Amino acid sequence: MAACGPDVLIDRELSWLEFNRRVLEEAQDPTVPLLERVKFLAIFSSNLDEFFMIRVADLKRQLAKAKITGQAEGPPDAASAAEMRAATSLRVHQLMDEQHRCFLEDVQPLLAAEGVRLVRPKDVTPEQAAMLAEYFHRAVLPVVTPLAIDPGHPFPHLVNRALCLIACLRVAEPSPLPTTSLAVVHIPAQVLPRFVRLPAPPGQYAFMLLEDVIRLHLPRLYHGYEILSSHAIRVTRDSDFQLHRRENDDLLTSIEESLRERRMGDAVRLQYDPDLPADVLTRLVDELELDPEDLYAGEGFTAFTDLAQLYSAVDLPRLKDRPLVPQPVAAFEQAPDVWSAIRQGDILV
């Protein structure tokens, strides 16, 4: 049988992206219950995270190796790593644009019509503002660590898939220090909910994103500074597990070392607010050693993975699929045990 050429085959990476497109199509389908569409948006993003951490990271490693050795990245009949990286970047940008449009133009307005609102800082009521101030002091302030970036404080390590705020600061009073500087705040979404519930009329839900809660209270973190701007960013890193074990190495020790290295993997994607200042974006690109293909601006919502929390927080059964109730199997119910029933013949479950 003759071997198929590359013109009749679909590359593995692009094929996987088309599979994930089908997940996105479920979120775009108006016949799917609304909160199930929210869940599909979260699944789509979670899948993309894994794609970047494994597949895109592997492509970047191939490119780096080829640059050092001067050798081709793959077999002559396959698309090169450079071509595939460009193709996947283009397709992912298209899919992520569709995802943002789906949420901002379709799903979010429908949620608001059902009494589920995402409140932005400029829209808070006095009652909500008082609740947020108390919540920030009680729950957020003890677990958040503001980091400065200046000659005495190098650029911090941005944890894989962790949402951060990057803020531009200016010294409020005359000072010998530089007039403007950068600061980073890691959003503690691992210990606090990403969607902070706010006071709302009975039967309705109001939430604020945790990064917006912190954004509202940045002056409490940086006393003596004027907050010029703040923007959400999120870095995805190479998380492919590669076991480097020499002949006499202990297996457990080798695994532990590889897992530690995995947390410090190279950056493979930067998600950020589209109005992030150009000089700040340039600084991030330089610090993270990224290329233009690795940059993904996202309007209104930087990371959709946490939408799964919104699905769980909203108790509106009419907006979810009806739970599937397991049906009893008569053959099992009537037999003394499962194995006796199976011995008597085939059973359709």
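Everything in the sequence shown is counted per our numbering, starting at 21 for the first residue and increasing by one. Here a beta-carbon is modelled for each residue, glycine too, at the ideal position from N, C-alpha and C. Predicted model, so just to flag it, every value in this text is computed and none were measured.
Query: Rounding to the nearest angstrom, what Cα-Cα distance links Tyr-225 and Glu-134 in this structure?; Result: 9 Å
Query: Relative to the alpha-carbon of Leu-138, which residue among Lys-85, His-251, Arg-214 and Val-288 has its alpha-carbon at the smallest distance?; Result: Arg-214
Query: Using only the alpha-carbon positions, how far apart do Glu-56 and Lys-340 sit?; Result: 6 Å
Query: Return the chain-ordered ranges of every beta strand (DSSP E) run that is complete within the region 174–207 and spans a minimum of 3 residues.; Result: 183–191 and 200–206
Query: Under 7 Å from any heavy atom of the ligand ADP, does the C-beta of Ala-361 make it?; Result: Absent from the structure shown: the ligand ADP. Ligands present: none.
Query: What span of residues does the alpha helix (DSSP H) with Gln-82 cover, start to end?; Result: 77–89
Query: Would a C-beta distance cut-off of 8 Å place Arg-257 and Met-73 closer than the cut-off?; Result: yes
Query: Can you give me the C-alpha to C-alpha distance between Phe-123 and Leu-131, rounded to a whole angstrom?; Result: 10 Å
Query: Under the three-state reduction of DSSP, which class applies to Leu-134: helix, strand or coil?; Result: At residue 134 the sequence reads Glu, which differs from the Leu that was named. In the structure shown, Glu-134 sits in coil (DSSP, three-state: anything other than H, G, I, E or B).
Query: What does DSSP give as the partner residue(s) for Arg-140 in the beta ladder?; Result: According to DSSP, Arg-140 bridges with nothing at all.
Query: Does DSSP put Asp-97 in a helix, a strand or coil?; Result: With a pLDDT of 42 at Asp-97, under the threshold of 50, the modelled position of this residue cannot be trusted; read the value that follows with caution. DSSP places Asp-97 in coil when its eight states are reduced to three.
Query: Under 8 Å, do Tyr-245 and Arg-303 count as touching if we go by C-beta distance?; Result: no
Query: What does the alpha-carbon distance come out to for the pair Phe-60 and Pro-141?; Result: 27 Å
Query: For Asp-170, which three-state DSSP category applies?; Result: strand
Query: If you draw a straight line from the C-alpha of Lys-87 to the C-alpha of Lys-80, how long is it?; Result: 11 Å
Query: Could you tell me whether the Cβ atoms of Ser-9 and Thr-325 are closer together than 8 Å?; Result: A question about residue 9 goes unanswered here, because the residues of the chain that appear run from 21 up to 369.
Query: Does the region 296–312 come into contact with the region 225–245, if we say contact requires no fewer than three beta-carbon pairs (one atom in each stretch) closer than 8 Å?; Result: no
Query: Which of the three DSSP states, helix, strand or coil, is assigned to Gln-364?; Result: coil
Query: Output yes or no for whether 8 Å exceeds the beta carbon distance between Ser-249 and Leu-238.; Result: no
Query: For the beta strand (DSSP E) containing Glu-246, name the first residue and the last one.; Result: 245–257
Query: Spatial neighbours of Tyr-331 within its chain, please: C-beta separation below 6 Å, excluding the five flanking residues on both sides.; Result: Leu-55, Val-58 and Lys-59
Query: Indicate the three-state DSSP secondary structure (helix, strand or coil) for Tyr-242 in the structure shown.; Result: coil
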